[in-house]
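Here the structure is laid out as structure tokens; the discussion comes afterwards.
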Amino acid sequence: MLDLSLAAVAVTLALWLRPWRVVGPSGPPWPWLFWCAALPLVWGVDRYVGSAVVQPLSGATLLLLMAGWPLAVLALLPVAVVTAVMAQLDWLEALHRYVWLGLVPATLALGIGAGLRRWLPHHLFIYILGRGFIGTAVAAACAGWLSVWLHGAPPGVDEAELMVARWLAAWGDGFLAGMLVAIFVAFRPQWLATYSDRLYLQTPPPPPPSPPPSGRR
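Every letter in the sequence shown is one number past the one before it in the working numbering, and letter 30, counting from 1, is 30.
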């Protein structure tokens, strides 16, 4: 019931915000769609290789940075459905992955990003390292630990080992997101809905005009 309640509240809020209004007439950028299409491959990796210790990456934080929280919440729904079909998951497991690989990491990353914008300077490297790399890793790790704490480990898997596996997978998420965010900021900033040159590349104010000479002739 917890997973269902979290998903229902998040989807209702995302629909209420109507995030599709910010998408232009040409539709979302193709990297958003490509990343959504690639996520079922990483969400079900433990089932594909047949090992419960292998931890799937989240990828939700990168989608959050590219599309924003409301669109990410809605876009992750079909990702969960496709993962269920490809990895042969029942609907409860698909819902669990939607919440703990998608919704919770994205929401935690949103909170981390809000804190960085509130308390740290609006600097380019704060965005890349704070939101792209470290924020992604922290959000994914905390979501994984919360999932283990609330639901326990799968049968035959030691809980302590699973905690370590979630920690390592989270840093894989952070490295991937940080690298791509750095590339996008440099070459395609329009692909990042959470980035703005006006905010993170502030030009210094012009120097004040020099006073006119006051000496006598």
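All C-beta atoms in this analysis are idealised placements derived from N, C-alpha and C, irrespective of residue type, glycine included.
Determine the closest residue to residue i out of the options, with distance taken between C-alpha atoms.
{"i": "I112", "options": "V99, T83, L4 and C142", "result": "C142"}
{"i": "L2", "options": "P29, A14, H96 and W16", "result": "H96"}
{"i": "A7", "options": "V82, S51, G102 and A37", "result": "G102"}
{"i": "A10", "options": "W100, D197 and L199", "result": "W100"}
{"i": "Q55", "options": "L150, A67 and A165", "result": "A165"}
{"i": "D173", "options": "A106, L116 and I126", "result": "A106"}
{"i": "G191", "options": "T12, L15, G68 and D46", "result": "According to the sequence as given, residue 191 is Trp; it is not Gly. It is G68 whose Cα lies nearest to the Cα of W191."}
Between the alpha carbons of residue i and residue j, how many angstroms are there, rounded?
{"i": "A72", "j": "S58", "result": "12 Å"}
{"i": "A177", "j": "T136", "result": "7 Å"}
{"i": "P155", "j": "L168", "result": "21 Å"}
{"i": "V258", "j": "G132", "result": "In the structure as shown, the chain starts at 1 and stops at 217, and residue 258 therefore has no counterpart that could be examined."}
{"i": "P40", "j": "D197", "result": "32 Å"}
{"i": "W20", "j": "D158", "result": "43 Å"}
{"i": "M163", "j": "A80", "result": "23 Å"}
{"i": "A38", "j": "P31", "result": "10 Å"}
{"i": "I134", "j": "V185", "result": "16 Å"}
{"i": "L33", "j": "A14", "result": "18 Å"}
{"i": "R18", "j": "G50", "result": "39 Å"}
{"i": "Y200", "j": "Y98", "result": "32 Å"}
Helix, strand or coil for residue i, going by three-state DSSP, please let me know.
{"i": "T194", "result": "coil"}
{"i": "H122", "result": "coil"}
{"i": "S26", "result": "coil"}
{"i": "M179", "result": "helix"}
{"i": "D46", "result": "helix"}
{"i": "V54", "result": "coil"}
{"i": "L201", "result": "coil"}
{"i": "L62", "result": "helix"}
Just confirm the distance between the C-beta atoms of residue i and residue j, as a whole number of angstroms; I'd bet it's less than 8 Å.
{"i": "W91", "j": "L63", "result": "22 Å between Cβ atoms; not a contact."}
Measuring only from the beta carbon, is residue i closer than 8 Å to any heavy atom that is part of the ligand SAH?
{"i": "F184", "result": "Within the structure as shown, the ligand SAH is missing, as the structure has no ligands at all."}
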